[in-house]
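In what follows, a single structure is set out as structure tokens and then discussed.
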Amino acid sequence: MTSGAFAADVPQGATQPVAAKKAAAVAAASRMPEQAEAVVVTGNRSVARKVTDNIAPVDIISSRTLVSTGMPDLGAALMNSNPALNMQAHQTDQAALTSSIRLRGLDPDKVLILVDGKRRHTTANINSDKGPDSGETPVDIDMIPVAMIDHIEILRDGAAAQYGSDAIAGVVNIILKKGPKGGSEQGLVGANYAGDGFTYLVRGDHGFSWGDDGFVHLGFEFKHNDLTSRDLVDSRTGRKDFHQEGEPDQTRENFAIDWGKPFLNDKAYFYGNVIYGHRHGESPQYFRTAQQTPLPAYYPWGFDPVDTSEENDFAATVGLRGESFLGFGWDLSTTYGEDIFNINQNNSANLSYLAAYGHTPTSFHLRGLTSTQWTNNLDFRRAIPVGHVLASPIHLAFGAEHRMESYRMSPGDYSSYYGAGSQALTGLSPTNAGTWYRDIYAGYVDVDVQPIKHLDIDFAGRFEHYTDAGDAKTGKIAARYDFTPQFAIRAAISNGFRAPTLAEEHYANLAVAPTFAGGQLAVGSAAARALGAIPLTPEYSTNASGGFVIRPIKDFNITADVYQINIRDRIINGGSYSGTQAVNAIESMGIEVPSNISPGAVTAHYYSNGASTRTQGLDIVSNYHADLRQMGILDLNLGIDLNRTRLTHLGRDTNGNALLTAQGIGYLTTNTPRSKIMLGGHWTWGKFDVMLQEIRWGETKDMMSYRSGPYANSNSVFFQFVNKPRWTTNIEFGYQVHPRIHLAVGANNLTNRLPQRLPSEGRYFNAEAYDDYANQIGYNGGYYYLRVNATF
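Residue numbers for the sequence shown follow our numbering, beginning at 29 and rising by one.
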């Protein structure tokens, strides 16, 4: 951060005193503990505070911490940096390309992502697979170059009344680098112990002066990783032809520019940023044997369809802010974001097309998905003196927002959806294509008061109107009391909401495996209504939390917070039907179910407000910074997240059937680790440094489908599979080979821990070794890397 009245982009009108910014910079330079000294602007719209002085639980993750994880992707680096964050471990298909951040055990769509305090647009890449994240289009933070990130602020509390829809579990605010000077370059190479997944990464940033008082900061990132595979021997062929468990091959390029400059004699400040990302991904699908899918003229020995994707992601923010509009500080901004995701397929075929025309293409364009979001904000803030009536001035913030959202589904090639369509994933037909829009209008007010010394109370209220989902009113009360400089308590209660996304309302597709098929029906379609579907409505939540802050000695702090989050009318992938009903519903959308698939192995689903849940948990965060003098500097940290989710209500469709099976209930309640414990230390001595981290991933449970035997692919009979807790070790050794060059070698999952193996009845063609949805640590295993950092 740089000094000056407008040096840091402060979220949504919050003020950050110059002295506080200088103190934060000095603390960072002297390697003071991040949690104890850093100034945060997330969680309160009117005034910035140090982390341990904040009224709500906020964690700070610095760029140094992100880099030291050795993870090439931002999402994975965050997961290894904070106990309250997890990611869906499902690592196959195109959905694996999008980082899906989970906070406090809740889904990615319950977490609001901001960039410099401005709402970030979501991906168009819907997770169309079943599982706990089905139907979600989260923000893909991997499209933001890590080299441009100064730090990340994680608000672990409901904040819909302050920031709007999606902030049920909390907020992740990504703060970009500012300033006209300095920069860095980084190179990384790594691979898995198994010998696959080779990764190389190059990233960097640099600041430039814009006149005497402005800056432009540039950043880039290039990353590639090879395909990984953890499949066993396919019982059909006696070889490892099967591909279901592994990370897709991907190549990603990210670029960003950030700027700021005062003008009009420092009465206004012009700021903004542009972020662009491109990604190419390739993901093999289930192997088709020559006996199951006979195509002797094309694939005499069978074939493995490969889904490919081309994604372009763009976001731009432009804003003006100042300090003197009728005594108010003000901030006017506009942010546009768009994600374009095109799915293609190679090494495939369409048997219906072959039968009708005597030939079939082997490559197809399957569909195009586009998500856009245009957000306009006007925010005001002011400190109102009240003499000796209160202990401090009243801090008032208020503002308005307009947001336009759209979601487009464009059809694939005619040959991709003709008849039974292309293998693995059928093309999207014009019948199910379309473009949908909505507008959102919102207003908020936030008041922070100190009625007596040491007591701080914050009140927030918000009203939002959706042109397709109606109105939502939310509020929040948070309070903190400091008994001494070493001990404080805090608590909050709020309500929140999340409107259904346009993708959840309109997405439809058919996925086909060699022996079973699953169709996703648009909830508003006639096909879904015939199966009992009801139009989607918003989710509503109530969030209560309380905790304490302890600073027993200098540079040592402990925070503990308990929480309870009740969510009513959660949107889930329910309404599950199988057999003839499912086949009829799918084919009524103009999609033909392949004739070689038994009706009993065909399912159809639609999204519904199918359940209500209660999530309870405890967060503990502790940090200690020790200056050991001749022995160097030691930073220690401990983080614990304990949580459990229970079903409090299960809805039924208009046919009287339950909207979730036992498997679907498990996706909500037991697929996320019940606990996550992180213990870490970073020791610097002269030119040497060492990072050591232990992570304990708690138990998960999954109600799994039988893949063999009399109940194979049943939609109603399941067996429970338990992934017991796992410990993983991360370690890194570093050496400052030059004042500006740092070399590091490290390993994540040092001891190569893997999830528990599935029993034989849960393996598809005996080749699936691990559970796709409830494994805590993924199945890539150990990963080693070499990294070089240069600063200038």
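From the three backbone atoms N, C-alpha and C, an ideal C-beta is built for every residue, glycine too.
Just so you know, these numbers come straight off a predicted model, no measurement behind them.
query: According to DSSP, what are the bridge partners of LEU675?
result: Bridge partners of LEU675: THR641.
- prompt: On the three-pair Cβ rule with 8 Å, is the region 541-558 touching the region 504-514?
  reply: Output reads no: the region 504-514 does not touch the region 541-558.
query: Is the CB-CB distance between ASP277 and ASP170 below 8 Å?
result: No; because the gap between Cβ atoms is not below 8 Å, this pair is not in contact.
- prompt: Three or more C-beta pairs closer than 8 Å, one from the region 782-793 and one from the region 695-705: is that the case here?
  reply: Below 8 Å, too few C-beta pairs join the region 782-793 and the region 695-705 to call them touching: fewer than three.
field: Proximity test, Cβ basis, 8 Å: ILE562 and chain B
entry: Here there is only one protein chain, and chain B is not present.
Buried/exposed call for ASP655, threshold 16 Cβ in 10 Å: An exposed status is given to ASP655, since fewer than 16 other beta-carbon atoms sit within 10 Å of its beta-carbon.
task: Quick one: which unbroken beta strand (DSSP E) runs of 3-plus residues sit fully inside the region 535-587? Chain order, please.
output: Complete beta strand (DSSP E) runs here, min 3: 537-540, 545-549, 567-581.
- prompt: Could you give the C-beta distance for GLY163 and SER127, rounded to a whole number, given that I count them as a contact under 8 Å?
  reply: Not really, about 17 Å apart at Cβ, beyond 8 Å.
task: State buried or exposed for ASN808, treating a residue as buried only when at least 16 other CB atoms are found within 10 Å of its CB.
output: It is buried - the Cβ of ASN808 has at least 16 other Cβ atoms within 10 Å.
- request: Ignoring anything shorter than 4 residues or poking outside the region 373-448, list the alpha helix (DSSP H) runs there in chain order.
  value: Fully enclosed alpha helix (DSSP H) runs of 4 or longer: 379-385, 442-445.
task: Using DSSP bridges, identify the partner residues of ARG349.
output: Answer by DSSP bridge pairing, in chain order: TYR297, ASP359.
query: Does the Cβ of VAL417 have 16 or more other Cβ atoms within 10 Å, making it buried, or fewer, making it exposed?
result: Result: exposed.
- prompt: Taking the C-alpha atoms as reference points, what is the distance between ARG657 and TRP713?
  reply: Between ARG657 and TRP713, the alpha-carbon positions lie close to 9 Å from each other.
- request: Compute the Euclidean distance between the alpha carbons of PHE487 and VAL139, then round it to the nearest angstrom.
  value: Their Cα atoms are separated by approximately 21 Å.
- request: Give me the Cβ distance between ALA123 and ASP185, rounded to the nearest whole Å; I'm assuming they're in contact under 8 Å.
  value: Incorrect: roughly 28 Å between the Cβ atoms, too far for contact.
- prompt: For PRO290, which of helix, strand or coil comes out of DSSP?
  reply: It is a strand residue.
CB of PHE746 within 8 Å of CB of ALA690, strictly: Against a cut-off of 8 Å, the Cβ pair of ALA690 and PHE746 comes out as a contact.
query: Short check: CB of ILE625 to CB of THR756, under 8 Å?
result: Result no, Cβ atoms of ILE625 and THR756 do not sit closer than 8 Å.
message: Please state the DSSP three-state secondary structure of ASP170.
response: ASP170 carries a helical assignment under DSSP once its states are collapsed to helix, strand and coil.
GLY266 - DSSP class collapsed to helix/strand/coil: When DSSP states are grouped into helix, strand and coil, GLY266 belongs to the coil group.
query: Taking Cβ positions, are GLN721 and ARG754 nearer each other than 8 Å?
result: Taking 8 Å as the Cβ cut-off, GLN721 and ARG754 do not qualify as a contacting pair.
task: Rounded to whole angstroms, what's the CA-CA distance from ASP87 to ASP168? Just pull it up for me.
output: Cα to Cα, the separation comes out at about 20 Å.
query: If you drop the 5 nearest sequence neighbours on each side, which residues of the same chain put their C-beta closer than 6 Å to that of ALA802?
result: Excluding its 5 nearest sequence neighbours in each direction, ALA802 has C-beta neighbours in its own chain below 6 Å: ASN699, THR728, ASP730, ASN751, listed in chain order.
- request: Would you kindly report the start and end of the unbroken alpha helix (DSSP H) that includes ASN72?
  value: Segment: none, ASN72 is in no alpha helix (DSSP H) and carries neither H nor E.
field: Bounding residues of the beta strand (DSSP E) (the contiguous stretch that carries ASN516)
entry: With the sequence shown as reference, residue 516 is identified as Ala, and Asn is not the correct amino acid for it. Unbroken beta strand (DSSP E) run through ALA516: 515-526.
task: Could you have a look at PRO39 and say whether DSSP puts it in helix, strand or coil?
output: Model confidence at PRO39 stands at a pLDDT of 37, short of 50, so the residue's coordinates are unreliable and nothing is read from them.
message: Please report the distance separating the alpha-carbon of ALA52 from that of ASP135.
response: Caution applies to ALA52, whose pLDDT of 34 falls short of 50 and renders its modelled position unreliable; the model cannot decide the point.
task: Return the chain-ordered list of same chain residues with a C-beta closer than 6 Å to the C-beta of GLY679, the five sequence neighbours on each side being excluded.
output: Counting only Cβ-Cβ distances below 6 Å, and skipping sequence neighbours, we find GLY638, LEU687.
task: Using DSSP bridges, identify the partner residues of TYR591.
output: Answer is SER573, GLY645, bridged to TYR591.
- prompt: Grouping DSSP H, G and I as helix and E and B as strand, with all else coil, what is GLU620?
  reply: Coil.
- request: Let me know the secondary structure DSSP gives PHE243 once reduced to three states.
  value: Three-state result, PHE243: strand.
- prompt: Where DSSP assigns a beta bridge to ALA734, which residues make up the other side?
  reply: Rather than Ala, the amino acid found at residue 734 in this sequence is Tyr. Its beta-bridge partners are ALA740.
task: Tell me whether ALA52 sits in a helix, a strand or coil according to DSSP, three-state version.
output: Because the pLDDT at ALA52 is just 34, under 50, the model does not fix this residue reliably, and the value given afterwards should be weighed accordingly. Under the three-state reduction of DSSP, ALA52 is assigned to helix.
Bridge partner(s) assigned by DSSP for PHE716: Paired residue(s): TRP713, TYR763.
query: Which of helix, strand or coil does DSSP assign to SER450?
result: Correct three-state label for SER450: coil.
- request: Please go through the same chain and pick out, in chain order, the residues whose beta-carbon is closer than 7 Å to the beta-carbon of GLN320, but skip the five residues on each side of it.
  value: The answer, listed in chain order, is PRO542.
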